[in-house]
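Residues in the sequence shown are numbered consecutively from 1, following the UniProt record's numbering.
Heads up, the beta-carbon is just placed ideally off N, CA and C, and yes, glycines get one too.
Predicted model only: the values in this text are computed from it and were never measured.
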Amino acid sequence: MIDAACRDWHAVARSFPTLPITSPMPRADFYLVTTPRFREQPLRLVCELVRKAHAAGLPTLILARDDAQAETLDDMLWDMGEDAFIPHQIAGLDEDEDEADVLIAGPASDAALRPLVINLRDAAVAGTFDRVLEVVPADESARGPLRERWKQYQARGLELQKHDM
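The structure is reproduced here in C-alpha cells:
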C-alpha cells in the first residue's frame with residue numbers, strides 16, 4: 001500500500017516534464033509556481049526538480065541566491081524521505097565536489113557549470129550548459145526579472161518552455 005507521501009510524490013513526478021536532454025540546442029525551462037504546495041515552499045519545487053534530474057542521471061548545479069538559501073537547500077535535500085537519497089554538497093566545502101551528483105553553489109562560488117543548471121539567482125546563466133531551469137515565483141511583482149531572462153535566453157537562441165507547477 002502506498003502511503004500519502006508516496007502518492008503525493010508520484011503525482012508530482014508525473015506532472016514534471018521529462019528532464020533528459022533530447023534537443024541538440026540548449027534549452028531554458030521556466031517553472032511557474034502556481035500550486036498551493038509550492039507557493040508555501042517554493043524551494044520544495046527545486047528539490048523535486050533535483051530529484052527528477054538525479055533519477056535521470058543528470059549532473060546538476062544549483063545556483064543559490066545566497067549562502068543561506070544554499071544551506072536551506074542542503075538541509076531540504078537531506079530530508080527528501082526515506083526512499084530518496086540524492087548525493088549533493090555545497091560548493092567549496094569539500095575537495096571532491098566534482099564527484100557530487102548535485103552541487104549547490106552560493107554566489108561567491110566559482111563552480112563550473114554542469115549540463116543541467118537550476119538558477120535561483122537574479123541574472124540569466126552565462127556560459128555553456130545543455131539546460132537551465134528557472135523557478136518563477138508565484139508573486140506577480142517578482143516575475144518581471146524572469147521575463148527579462150526569457151528574452152535574454154531567447155536572444156541567445158535557446159529553446160524556451162514554460163511549465164505551470
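Alpha carbon to alpha carbon, how far is residue 155 from residue 87? Give it in angstroms, no decimals. The residue labelled residue 87 in the question sits at position 87 within the sequence shown. The residue labelled residue 155 in the question sits at position 155 within the sequence shown. C-alpha separation (whole angstroms): 35 Å.
Using a Cβ-Cβ cutoff of less than 7 Å, which residues in the same chain neighbour residue 80 once the five nearest sequence positions on both sides are dropped? As a working note, residue 80 is residue 80 in the sequence shown. Hits under 7 Å: 47, 51, 86.
Can you tell me where the alpha helix (DSSP H) holding residue 72 begins and where it ends? As a first step, residue 72 is located in the sequence shown; it is residue number 72 there, counting from the start. That run of the alpha helix (DSSP H) goes 67–78.
By the 10 Å Cβ neighbour count, where 16 or more other Cβ atoms means buried, how is residue 65 classified, buried or exposed? Here residue 65 refers to the residue found at position 65 when the sequence shown is read from its first residue. Classification for residue 65: exposed.
Among 39, 105, 124, 100, the one whose alpha carbon lies nearest that of residue 69: Within the sequence shown, the letter at position 69 stands for residue 69. The residue with the shortest Cα to Cα distance from residue 69 is 105.
Please state the DSSP three-state secondary structure of residue 136. Here residue 136 is taken as the residue at index 136 of the sequence shown, counted from 1. Of the three classes helix, strand and coil, the one that applies to residue 136 here is strand, per DSSP.
Under DSSP, the alpha helix (DSSP H) around residue 155 begins and ends at which residues? By 1-based counting over the sequence shown, the position of residue 155 is 155. Per DSSP, residue 155 belongs to the alpha helix (DSSP H) from 144–155.
Would you call residue 61 buried or exposed, if buried means 16 or more other Cβ atoms sit within 10 Å of its Cβ? Locating residue 61 in the sequence shown gives position 61, where the first residue counts as 1. Buried, since its Cβ has 16 or more Cβ neighbours within 10 Å.
Within 10 angstroms of its Cβ, does residue 140 collect 16 or more other Cβ (buried), or is it exposed? For this step, residue 140 is matched to residue 140 along the sequence shown. Answer is exposed; the Cβ neighbour count stays below 16.
Helix, strand or coil: which one does DSSP assign to residue 96? Within the sequence shown, the letter at position 96 stands for residue 96. Reduced to three states, the DSSP call for residue 96 is coil.
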